[in-house]
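Enquirer: Numbering (the working numbering), first residue to last: 33 to 712. Pasting in a structure now, in structure tokens, and then I'll have a few things to ask.
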């Protein structure tokens, strides 16, 4: 006799769908008739059966359910197992009174086919891709109560509720308890474990130990976090309204004084590869530049309310306004704090922040300069003035003159800091790839990494790991052959009709195509479309991925994006997007690719702390310039970037180029002198 589930448990995990469950001997995975119909039809179509035949089989299964008085929510139990003959006889008796003899025979043959399909599906993983959804479905379909499952598996009721609600996932020792839970739920081995992110279970790289190397910048960031924690300002109603007004102004291409440099572009949400935040959304579209500006200003506003001696100890109800960008003393104090916070470095983060503040105070185009009503939000701000503003001047005139003078003070500080301290890097961008760049042939080391990954295939029986491995090899091959930014690969699509970004143009032949608007720098080097061939060495992996891996990855049926995740973590719905009727694309995010590449490179490259996709671009550019000194134009073409950007990023190599030419000249001079002495 099973004990009933409590009301609280029923609220967290729905009561069992059926009181009759399949016996352990007859099934290895609980499945409802609705699921059998859905997955069975897909299975039959994959076997090459015509659509009309599949429809006829679907009608037969519905007739079976109706004949026995079941519902589609009932779990497929012994009637499709050891007791099939008895239930089949009853089915034949029922339809004998309703159908013609020929139709009866068809339905009988179709039900025998359904029994074979059910047997096949029981040994095939048809649960949802997400760990929480799969666990919730299994808990609902189990004949055991939640307390019984907890008692037999050794996992607490609270943990089962927490995991199945999607609020969290097993970590550490809890992962080791999952095999027993799978046994209690009568699931095939690793059914639940395989749905955890790869980092929480044994990687497919068996026998390979991950390098545990911490970079100097990581140590600095940890020390900074320990010092102040997360201090950035969050949106309040007042700040939300101001930010919405800002986005509306900056994205209006037809406003007065609008220019290419002071106008922000917007994209459809499906063409954005990064996580969407409230700072980016305007009129149902996404403005990536908004996230960059918000990151700078939320840090400043958050610093205002930090307790002394770190911050300004301002009350949170006073700090939530962009008007504080017009206080030059506070802006400069914050810049001093950031410099001290970064080991006395005037780095580009501080420099960019000051430049952004200056742009907001710029006459005629600056958002803060244009909004004299912001003065009301900072009653304690003492306005700067000079003789050009009389006593009877309007609030607008006084505010705008104050903004102009504040801008000059901030700019003077920035130029003085740049002159005396120089704009330095907050971190060494080559530290993570030093082991690659130190090699005489960096590109060779990068290719060797991918080949090592190719030789590390998991057993095909470990299906999710196997699919992830094929995807990982393809991803790394693409980053080498076509070194685009990770955001391009995050939004890259493939469609069989040829309308995606990855196009099949012939057997073993592919091209990558993007519009100029898809690029971060569409106003610069990317003003032209990107339409290039994929290296022939990559094509076999694309074919293999599309056939063997992608159909089984997360959300493969719900998105046309090329690269997909192998497992999903807790998916927290973004309420602000739901309120706006918007939804993020279900493909793999740029952040997910970044994390995965760090894991792969730290695992398969000796003495490497791991690096992300942008490092591929750096290695490829550096390698090309070493082998082709001074060829910056081709590097700009390879990276689809501006020549000025390439010169700024790789100009230091010109010193090495000059020394290489000098060394060659010295060798030639020495050789000629030796020849002259020999002739004499």
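A virtual CB, placed ideally from N, CA and C, is assigned to each residue, including glycine. If you're wondering where the values come from, they're calculated on a predicted model, not measured in any experiment.
In its own chain, which residues sit with a C-beta less than 7 Å from the C-beta of residue 310, not counting the 5 before and 5 after it?
Expert: Correct list, in chain order: 267 and 608.
Enquirer: Closest by CA to residue 583, which one among 316, 198 and 74?
Expert: Ranking 316, 198 and 74 by Cα distance to residue 583 puts 74 first.
Enquirer: My output table needs one value for residue 370: the three-state DSSP class, helix, strand or coil.
Expert: Looking at residue 370 - three-state DSSP - the assignment turns out to be helix.
Enquirer: What first and last residue would you give for the beta strand (DSSP E) that runs through residue 545?
Expert: 541-546 is the extent of the beta strand (DSSP E) around residue 545.
Enquirer: What residues are listed by DSSP as bridge partners for residue 107?
Expert: In the DSSP output, where bridge partners are listed per residue, residue 107 has 64.
Enquirer: Just mark residue 363 as buried or exposed, buried being the case when its beta carbon has 16 or more other beta carbons within 10 Å.
Expert: With 16 or more other Cβ atoms within 10 Å, it is buried.
Enquirer: May I have the straight-line CA-CA distance separating residue 563 from residue 573, to the nearest angstrom?
Expert: Each residue's Cα considered, the two are about 20 Å apart.
Enquirer: Which residue wins for smallest C-alpha separation from residue 547, given the options 561, 540 and 89?
Expert: Out of 561, 540 and 89, 561 has the C-alpha closest to the C-alpha of residue 547.
Enquirer: For the beta strand (DSSP E) containing residue 565, list its first residue and its last residue.
Expert: It spans 562-565 - the beta strand (DSSP E) in which residue 565 sits, taken as one unbroken run.
Enquirer: How many Å lie between residue 502 and residue 82 at the Cα?
Expert: Each residue's alpha carbon lies about 31 Å from the other.
Enquirer: Within the stretch 398-464, note down every full alpha helix (DSSP H) run reaching 4 residues or more, in order along the chain.
Expert: Correct list: 399-402 and 427-453.
Enquirer: Judging by CA-CA distance, which residue of 544, 408 and 469 is the nearest neighbour of residue 270?
Expert: Closest option to residue 270, Cα to Cα, is 408.
Enquirer: So, helix, strand or coil for residue 535, using DSSP?
Expert: Here residue 535 sits in strand by DSSP.
Enquirer: Are residue 265 and residue 352 close, meaning C-beta to C-beta below 8 Å?
Expert: Going by C-beta atoms, residue 265 is nearer than 8 Å to residue 352.
Enquirer: I'd like to confirm the pairing. Which residues does DSSP put opposite residue 643 in its beta bridges?
Expert: Per DSSP, none; premise fails for residue 643.
Enquirer: If you run the structure through DSSP and keep just helix, strand and coil, what is residue 234?
Expert: Any reading at residue 234 needs caution, since the residue's pLDDT is 46, under 50, leaving its predicted position unreliable; the model's value is listed next. Residue 234 falls in the coil class under three-state DSSP.
Enquirer: Kindly confirm or deny that the stretch 642-654 and the stretch 509-519 touch, where touching means at least three C-beta pairs closer than 8 Å.
Expert: Flag = yes, the stretch 642-654 and the stretch 509-519 touch.
Enquirer: Given a cut-off of 8 Å on the beta-carbon distance, is the pair residue 400 and residue 358 in contact?
Expert: Contact: yes.
Enquirer: Can you pull the DSSP bridge partners for residue 525?
Expert: Answer by DSSP bridge pairing, in chain order: 593.
Enquirer: With a cut-off of 8 Å on the beta carbons, I'd call residue 296 and residue 283 a contact; round off their distance for me.
Expert: About 5 Å; that satisfies the 8 Å criterion.
Enquirer: Rounding to the nearest angstrom, what Cα-Cα distance links residue 102 and residue 113 in this structure?
Expert: Residue 102 and residue 113: Cα-Cα distance of roughly 16 Å.
Enquirer: What number of angstroms, rounded off, separates the C-alpha of residue 505 from the C-alpha of residue 225?
Expert: So the two alpha carbons sit approximately 23 Å from each other.
Enquirer: Nearest CA to the CA of residue 599: which residue from 397, 211, 307 and 620?
Expert: It is 620.
Enquirer: Going by beta carbon distance, what residues of the same chain come within less than 6 Å of residue 308, once the five residues before and after it are set aside?
Expert: Once the five neighbours on either side are set aside, the close Cβ partners of residue 308 are 318 and 616.
Enquirer: Put residue 517 into one of helix, strand or coil per three-state DSSP.
Expert: Coil.
Enquirer: With a threshold of 8 Å, are at least 3 pairs of Cβ atoms found where one atom belongs to the stretch 287-306 and the other to the stretch 316-331?
Expert: As far as the Cβ criterion goes, the stretch 287-306 touches the stretch 316-331, which means the pair count is three or higher.
Enquirer: Between the stretch 190-208 and the stretch 157-176, do three or more beta carbon pairs fall short of 8 Å?
Expert: With a cut-off of 8 Å, the stretch 157-176 and the stretch 190-208 count as touching, because enough Cβ pairs lie within range.
Enquirer: Please list, in chain order, all residues of the same chain as residue 449 whose beta carbon is under 7 Å from its beta carbon, the five residues on each side excluded.
Expert: Answer for residue 449: 378, listed in chain order.
Enquirer: Could you say if the stretch 64-79 and the stretch 89-102 meet the contact criterion of at least three C-beta pairs nearer than 8 Å?
Expert: At 8 Å Cβ cutoff, the stretches touch.
Enquirer: What runs of the alpha helix (DSSP H), each 4 residues or longer, lie entirely inside the stretch 64-138?
Expert: Counting only runs of 4 or more, we get 65-78, 83-99 and 116-128.
Enquirer: Please classify residue 308: does DSSP put it in a helix, a strand, or coil?
Expert: Reduced to three states, the DSSP call for residue 308 is coil.
Enquirer: Does the stretch 648-660 come close enough to the stretch 330-349 to have 3 or more Cβ pairs within less than 8 Å?
Expert: The answer is no - the stretch 330-349 does not touch the stretch 648-660, with fewer than three Cβ pairs under 8 Å.
Enquirer: Which term fits residue 380, buried or exposed, when burial requires 16 or more other beta carbons within 10 angstroms of its beta carbon?
Expert: Exposed, by the Cβ-count rule.
Enquirer: Three-state secondary structure (DSSP) at residue 707?
Expert: Three-state result, residue 707: helix.
Enquirer: What's the gap between the Cα of residue 219 and the Cα of residue 458?
Expert: Spanning the two alpha carbons is a distance of roughly 51 Å.
Enquirer: Would you give the residue range spanned by the alpha helix (DSSP H) that residue 205 belongs to?
Expert: Taken as a continuous stretch (DSSP letters only), the alpha helix (DSSP H) holding residue 205 covers 205-208.
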